[in-house]
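S.K.:
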Amino acid sequence: PLDDVLGAWAGLGYYARARNLHKCAVEVAKLGGFPDAEEALRTLPGIGDYTAAAIAAIAFDAPAVVVDGNIERVTARLFAIETPIPAAKPEIKARIGELWPQKRSGDFAQALMDLGANVCTPRSPDCDACPLSKWCAAFARGDQESFPKRAVKAAKPTRFGEAYALFNGKGEVLLQRRPEKGLLGGMLGLPGTEWSVKKPDPAPPANAKWRAAGAVRHTFTHFHLELDVFAAPAPKAFRAPESHHWADAEEAKLPTVMKKALERATG
4 PLDDVLGAWA
14 GLGYYARARN
24 LHKCAVEVAK
34 LGGFPDAEEA
44 LRTLPGIGDY
54 TAAAIAAIAF
64 DAPAVVVDGN
74 IERVTARLFA
84 IETPIPAAKP
94 EIKARIGELW
104 PQKRSGDFAQ
114 ALMDLGANVC
124 TPRSPDCDAC
134 PLSKWCAAFA
144 RGDQESFPKR
154 AVKAAKPTRF
164 GEAYALFNGK
174 GEVLLQRRPE
184 KGLLGGMLGL
194 PGTEWSVKKP
204 DPAPPANAKW
214 RAAGAVRHTF
224 THFHLELDVF
234 AAPAPKAFRA
244 PESHHWADAE
254 EAKLPTVMKK
264 ALERATG
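The end of the sequence shown is residue 270 by the numbering used here, with every number in the run present.
1) Give me the Cβ distance between PHE233 and LEU186, rounded to the nearest whole Å; I'm assuming they're in contact under 8 Å.
2) Give the DSSP-derived three-state secondary structure of TRP249 in the structure shown.
3) Among PRO207, PRO89, ALA209, which has the Cα closest to the Cα of LYS154?
4) Could you tell me whether the region 98 to 109 touches the region 139 to 149, where touching means 3 or more Cβ pairs closer than 8 Å?
5) Which residues in the same chain have their Cβ closer than 7 Å to the Cβ of ALA56, if we skip the five residues on either side of it in sequence?
6) Once the 5 residues before and after LYS256 are set aside, which same chain residues still bring their CB inside 6 Å of it?
7) Roughly how many angstroms separate the alpha carbons of ARG80 and PRO38, rounded to a whole number?
8) Checking the sheet assignment: what are the DSSP bridge partners for ILE88?
9) Taking the alpha-carbon of LEU193 as reference, which of GLU245, PRO258, PRO87, SER199 has the nearest alpha-carbon?
10) Cβ atoms of GLU229 and ALA215: under 8 Å apart, would you say?
11) Between the Cα of ILE74 and those of ARG181, GLY172, VAL122, spot the shortest distance and give me the residue it belongs to.
12) Grab the span of the alpha helix (DSSP H) containing THR78 for me, first residue to last.
13) Got a sec, what are the start and stop residues for the beta strand (DSSP E) VAL232 sits in?
14) What distance in whole Å lies between the Cβ atoms of ALA60 and ALA19, which are believed to be in contact at a cut-off of 8 Å?
15) Given this structure, state the Cα-to-Cα distance separating VAL77 from LYS156, to the nearest angstrom.
16) In three-state terms, what does DSSP make of GLN179?
17) Report the option in ASP231, ALA132, PRO205 whose CA atom is closest to the CA atom of ASP117.
18) Where DSSP assigns a beta bridge to GLY217, which residues make up the other side?
19) Since PRO151 and ALA91 should fall inside the 8 Å C-beta cutoff, what is the C-beta to C-beta distance between them, to a whole number of angstroms?
20) Could you give the distance in angstroms between the alpha-carbon of PHE63 and the alpha-carbon of PRO160?
Printed below as a string of structure tokens:
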């Protein structure tokens with residue numbers, strides 16, 4: 004069941020991957036196995052260009068061009084590609100594709116990955132041991148560590164939100180499941196506000212005696228989050244809405260940011 008997968012994944016981040024992994028497993032089970040063509044593999048949930056090419060090449064020896072971070076670096080140095088990542092990705096795939104063999108494609112892909120991981124490393128590459136150094140444009144220029152070029156990253160914005168920890172006196176806390184789509188999709192968490200660039204209006208799940216428990220700061224891939232945490236005992240007349248349920252506060256399988264918030268509420 005999906006709930007078991009999400010529970011086992013709790014705290015690892017990238018929760019969309021867990022949902023897609025489950026969806027993909029269900030689809031592959033229906034098909035009776037993985038498709039062997041790159042185009043067909045891309046139709047499976049959660050499988051993009053890189054994963055489809057990697058499966059096609061490594062599992063089925065199809066002549067699919069596989070480009071991971073290691074192969075990007077090897078290729079960018081080999082051809083001294085000046086376009087910064089990520090804009091250079093199509094050019095990198097096209098250039099290494101010119102050298103891609105029709106046979107033993109998987110071996111070629113894994114050899115390039117290993118070359119990038121162990122020889123053509125991001126810092127202090129061992130160019131003397133590299134079998135490609137005599138053809139490497141970056142090595143000839145003596146500035147191999149400057150490749151691949153990187154675009155300047157914009158500063159991460161900060162979003163704000165509130166989380167509410169309501170306790171029922173039995174060691175349980177009120178939780179709700181987040182929407183399937185969006186950040187932390189499908190995961191359990193404390194009720195709270197939207198996360199926005201402006202301080203949100205309060206939205207407590209109950210009319211209770213809330214106390215400010217402090218704040219937690221958490222960094223996601225694209226933004227920082229500052230979450231104000233509030234805690235309260237549940238009023239005697241309170242009944243959990245259908246979209247909420249009580250769970251053991253110590254055993255609840257929560258994503259990291261919600262664990263931090265709950266720890267703040269109980270601290």
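A virtual CB, placed ideally from N, CA and C, is assigned to each residue, including glycine. The structure presented is a predicted model; accordingly, all values stated were derived computationally and were not measured.
M.R.: For this structure:
1) Looking up residue 233 in the sequence shown gives position 230. Looking up residue 186 in the sequence shown gives position 183. Actually they are not in contact, since the Cβ atoms of PHE233 and LEU186 sit about 21 Å apart, beyond 8 Å.
2) For the purposes of this step, residue 249 is taken as the residue at position 246 of the sequence shown. In the structure shown, TRP249 sits in a strand (DSSP, three-state: E or B).
3) For the purposes of this step, residue 154 is taken as the residue at position 151 of the sequence shown. The sequence given here places Ala at residue 154; Lys does not occur at that position. Selected option, being the one with the closest Cα: PRO89.
4) no
5) The residue you call residue 56 lines up with position 53 of the sequence shown. GLU41, ALA67, VAL68, VAL69.
6) Residue 256 sits at position 253 when you count from the first residue of the sequence shown. For LYS256, where only same-chain residues beyond five positions count, the Cβ hits under 6 Å are GLY10, ALA13.
7) Here residue 80 refers to the residue found at position 77 when the sequence shown is read from its first residue. Here residue 38 refers to the residue found at position 35 when the sequence shown is read from its first residue. ARG80 and PRO38: Cα-Cα distance of roughly 34 Å.
8) The sequence position of residue 88 within the sequence shown is 85, counting from 1. DSSP lists ARG153 as partners of ILE88.
9) Your numbering for residue 193 matches position 190 in the sequence shown. When only C-alpha atoms are compared, the closest one is PRO258.
10) For the purposes of this step, residue 215 is taken as the residue at position 212 of the sequence shown. For the purposes of this step, residue 229 is taken as the residue at position 226 of the sequence shown. No, these two residues do not count as a Cβ contact at 8 Å.
11) Here residue 74 is taken as the residue at index 71 of the sequence shown, counted from 1. Answer by Cα proximity: VAL122.
12) Against the sequence shown, residue 78 aligns to sequence position 75. Boundaries of the alpha helix (DSSP H) harbouring THR78: 72 to 81, taken from the DSSP string.
13) Start at 1 with the first residue of the sequence shown, and residue 232 comes out as number 229. Segment 227 to 236, the beta strand (DSSP E) holding VAL232.
14) Translated into the one-based positions of the sequence shown, residue 19 becomes position 16. Translated into the one-based positions of the sequence shown, residue 60 becomes position 57. Not really, about 25 Å apart at Cβ, beyond 8 Å.
15) On the sequence shown, position 74 is the one that residue 77 refers to. On the sequence shown, position 153 is the one that residue 156 refers to. Distance between the alpha carbons of VAL77 and LYS156 is about 22 Å.
16) For the purposes of this step, residue 179 is taken as residue 176 along the sequence shown, with counting starting at 1. In this structure, GLN179 counts as strand in the three-state DSSP scheme.
17) On the sequence shown, residue 117 is found 114 positions in, with the first residue counted as 1. It is ALA132 whose Cα lies nearest to the Cα of ASP117.
18) Along the sequence shown, one-based indexing puts residue 217 at 214. DSSP output for GLY217 lists VAL232 as bridge partner(s).
19) Position 148 of the sequence shown, counted from the start, is the residue given in the question as residue 151. Position 88 of the sequence shown, counted from the start, is the residue given in the question as residue 91. About 6 Å separates the two Cβ atoms, so the contact holds.
20) By one-based count along the sequence shown, residue 63 stands at place 60. By one-based count along the sequence shown, residue 160 stands at place 157. Cα-Cα distance, rounded: 43 Å.
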